[in-house]
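Residue numbers (my numbering): 1108 to 1391.
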């Protein structure tokens, strides 16, 4: 069947909290498709009920996405249009859908975005951090060692970087950011577009104090945004330091000890050199 005769997959963004943010085009799309592939059909059923719609649904999440591809290809080749939605926001952005969209693109099927809410863009637009360049890191690793190594890799990035975090890990993540980034400016956004939407800013230590003083601030889903690394000349000469750190690490010197040597010889904060050494070690 040619592409012109097959159905279309619509990648539909849904509200991240406030249902008034649901675009009219997105609503019309869900109303007309033959099938909705939803991350959680129960969650999407509540959205459809709010819109007064009834549509057939199929679950598509991280555990079954690969198995759903052939089923959805068959529906499209029969001429059916299908909508892909996640629980909130834009599908594929730290949500399922990549495996399906890649497979459909490789087979020549039509994939159409229906844009709308996205938590990372919403958070960044109101954070007061530079937005001319930014890096989205998805979710950081859940285990402490891997998470600290990832932060070490990101610490030297010049652009703003951001990631999603859950309420049960936000304290541990902020503690890691405090240890590795010191006074670097951080903004956290929670409960975006909802009644208790909140932005907090300051160093990681300041944010930890705020969360400790008000347990409500640790509830909800978070977007954590981190200012980019300061210019090289304020951190002791990154280029020269990288050469030194690589040499020390190659000789078997530990990361902490290598960072201390770099700080002693080149100046700058030990924590900054530690983050740099962690990144170099991770890169091999």
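Just so you know, even glycine gets a beta-carbon here, dropped at the ideal spot from N, CA and C.
According to DSSP, is residue i helix, strand or coil?
| i | result |
| --- | --- |
| residue 1341 | Residue placement at residue 1341 cannot be trusted, given a pLDDT of 48 that sits under 50; the coordinates are not used to answer. |
| residue 1123 | coil |
| residue 1172 | helix |
| residue 1245 | strand |
| residue 1220 | strand |
| residue 1236 | coil |
| residue 1362 | helix |
| residue 1291 | coil |
| residue 1135 | helix |
| residue 1378 | helix |
| residue 1322 | helix |
| residue 1159 | coil |
Would you kindly check if the distance between the Cβ of residue j and the Cβ of residue i is under 8 angstroms?
| i | j | result |
| --- | --- | --- |
| residue 1386 | residue 1328 | no |
| residue 1280 | residue 1334 | no |
| residue 1207 | residue 1167 | yes |
| residue 1198 | residue 1118 | yes |
| residue 1194 | residue 1157 | no |
| residue 1130 | residue 1223 | yes |
| residue 1172 | residue 1203 | yes |
| residue 1294 | residue 1234 | yes |
| residue 1392 | residue 1183 | Residue 1392 lies beyond the stretch modelled for the chain, which goes from 1108 to 1391, so this question has no answer here. |
| residue 1264 | residue 1231 | no |
Bridge partners of residue i, per DSSP?
| i | result |
| --- | --- |
| residue 1277 | For residue 1277, which the question treats as bridged, DSSP gives no partner whatsoever. |
| residue 1297 | 1305 and 1329 |
| residue 1268 | 1242 and 1333 |
| residue 1164 | 1143 |
| residue 1116 | 1189 and 1218 |
Look at the alpha carbon of residue i and the alpha carbon of residue j, and state the distance between them as a whole number of angstroms.
| i | j | result |
| --- | --- | --- |
| residue 1300 | residue 1383 | 36 angstroms |
| residue 1247 | residue 1271 | 8 angstroms |
| residue 1288 | residue 1146 | 35 angstroms |
| residue 1177 | residue 1164 | 16 angstroms |
| residue 1372 | residue 1381 | 14 angstroms |
| residue 1180 | residue 1258 | 39 angstroms |
| residue 1255 | residue 1240 | 23 angstroms |
| residue 1374 | residue 1132 | 56 angstroms |
| residue 1370 | residue 1376 | 6 angstroms |
| residue 1213 | residue 1388 | 36 angstroms |
| residue 1285 | residue 1313 | 9 angstroms |
| residue 1261 | residue 1337 | 13 angstroms |
| residue 1323 | residue 1309 | 18 angstroms |
| residue 1205 | residue 1211 | 10 angstroms |
| residue 1190 | residue 1277 | 33 angstroms |
| residue 1237 | residue 1112 | 45 angstroms |
| residue 1216 | residue 1152 | 27 angstroms |
Task: Runs of alpha helix (DSSP H) wholly within the segment 1180–1209 (minimum 4 residues, chain order) - done: none
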